[in-house]
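Going from the sequence shown to the numbering used here is simple: count from 1 and add 1098.
Cβ coordinates follow ideal geometry from the N, Cα and C atoms, glycine included.
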Amino acid sequence: EKAGAKVIYSYEDKKVHTKLLCIDQSTSREKRYLSYLSTGNFNSNTAKIYSDFALLTSDQTFGTDIVELFRFFTGETKKPKFQELSVAPFALRQKIVALIDTEIKAAKAGKSAMLTMKMNSLQDEDIIKRLYKASEAGVKIRLIIRGICSLVPGVKGLSENIEIRSIVDRYLEHSRIYWSHSKNELYLSSADMMTRNLNGRIEVAFIIKDPKISDLIKEIIQLQWSDNVKSRKINVRQSNPYYKGGTESLRSQYATYDLLSEKNKDG
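Shown next as structure tokens:
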């Protein structure tokens, strides 16, 4: 503020947990935005040890939605309308439920149905019940959850189609990913599936539209799911042994570094 920046203070009952940046490059002729959307924080200290995803994009729909959210922060609108972004506490819960229901519908139609989701914590009761319903319908569910997990996997007749892994390694796994396989849609988000996040915080989930970026994130997720060095398999007994599948040793954080180094080398 001393340097001339306009600081907008949050509503008392709504913590802003989303991580967004929008550079307005508009001219008198057209609106033009450059946007940054991330799962991680604007923090130079935690950025050294947290593992996150971020998208830098000139997609004008994203930019327009971010501007609309800032209009909500400033009080210019009490009922923001978004075209692409799923924003809590307005509609993010509904988006997550819709992704789960899409896979349930696919499973009931006899089609391949699968969900892959990654987050820090899973605690929201309604979301957990929906995931149980999906499992009962035959949806294969893969969850990567580092911290709190109130869902019990591997219970016959309830969650036998749900597997959960937890990765704790050199860097803190901090990204949130929602991947609907039947629709081939992948979202990044700032939100964990906790009641406090979905009901009481400003959170954002955004779809990855570029197939190349989406495929890269899927590659990284597959490395994490295949991790047999630092990954534990969460079980009903809560003994949570290290996952030992596969024939060769794979440490996903190191493998991800190698993958990105190789891709950058190729240009």
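Taking the continuous alpha helix (DSSP H) assigned at residue i, which residues delimit it?
| i | result |
| --- | --- |
| Ala1205 | Leu1190 to Lys1206 |
| Ser1312 | Pro1309 to Ser1324 |
Give the straight-line distance between the Cα atoms of residue i and residue j, rounded to the nearest whole angstrom.
| i | j | result |
| --- | --- | --- |
| Lys1316 | Ala1353 | 14 angstroms |
| Leu1183 | Arg1299 | 15 angstroms |
| Leu1119 | Ser1133 | 6 angstroms |
| Lys1209 | Trp1277 | 17 angstroms |
| Asp1150 | Gly1138 | 5 angstroms |
| Asn1259 | Lys1177 | 39 angstroms |
| Arg1191 | Ser1257 | 21 angstroms |
| Lys1307 | His1279 | 15 angstroms |
| Ala1196 | Gln1322 | 25 angstroms |
| Ile1305 | Asp1356 | 26 angstroms |
| Thr1125 | Thr1175 | 24 angstroms |
Can you name, in chain order, every residue of its own chain whose Cβ lies under 7 angstroms from the Cβ of residue i, other than the five neighbours on each side?
| i | result |
| --- | --- |
| Gly1344 | Ser1324 and Asn1326 |
Using a Cβ-Cβ cut-off of 6 angstroms (strictly less than) and excluding sequence neighbours within five positions of residue i, which residues of its own chain qualify?
| i | result |
| --- | --- |
| Phe1171 | Ile1106 |
| Glu1346 | none |
Considering Cα atoms alone, identify which of the options is closest to residue i.
| i | options | result |
| --- | --- | --- |
| Ile1121 | Leu1314, Arg1130, Lys1113 and Ala1235 | Arg1130 |
| Asp1290 | Ala1235, Gly1245 and Ser1359 | Gly1245 |
| Gln1351 | Leu1241, Ser1264 and Glu1110 | Ser1264 |
| Leu1286 | Glu1261, Gly1255, Thr1293 and Ile1319 | Ile1319 |
| Leu1213 | Lys1206, Ala1207, Thr1200 and Ser1219 | Thr1200 |
| Phe1140 | Ala1232, Ser1288, Met1215 and Gly1161 | Ser1288 |
| Thr1144 | His1272, His1279, Lys1281 and Asp1313 | His1272 |
| Ala1189 | Leu1296, Ser1312, Arg1274 and Val1334 | Leu1296 |
Within the continuous beta strand (DSSP E) that includes residue i, where are the two ends?
| i | result |
| --- | --- |
| Lys1216 | Met1212 to Met1217 |
| Ser1278 | Arg1274 to Ser1278 |
| Arg1294 | Element bounds for Arg1294: not the beta strand (DSSP E) but the alpha helix (DSSP H), Thr1293 to Gly1298. |
| Val1185 | Ser1184 to Ala1186 |
| Ile1260 | Ile1260 to Ile1265 |
Within a Cβ cutoff of 8 angstroms, which residues of the same chain sit near residue i, ignoring the five residues on either side of it in sequence?
| i | result |
| --- | --- |
| Lys1146 | none |
| Ala1205 | Ala1211, Ala1232, Ala1235, Gly1236 and Val1237 |
- request: Ignoring anything shorter than 3 residues or poking outside the stretch 1114 to 1156, list the beta strand (DSSP E) runs there in chain order.
  value: Segments of the beta strand (DSSP E) lying fully in the stretch 1114 to 1156: 1117 to 1122, 1131 to 1136 and 1152 to 1155.
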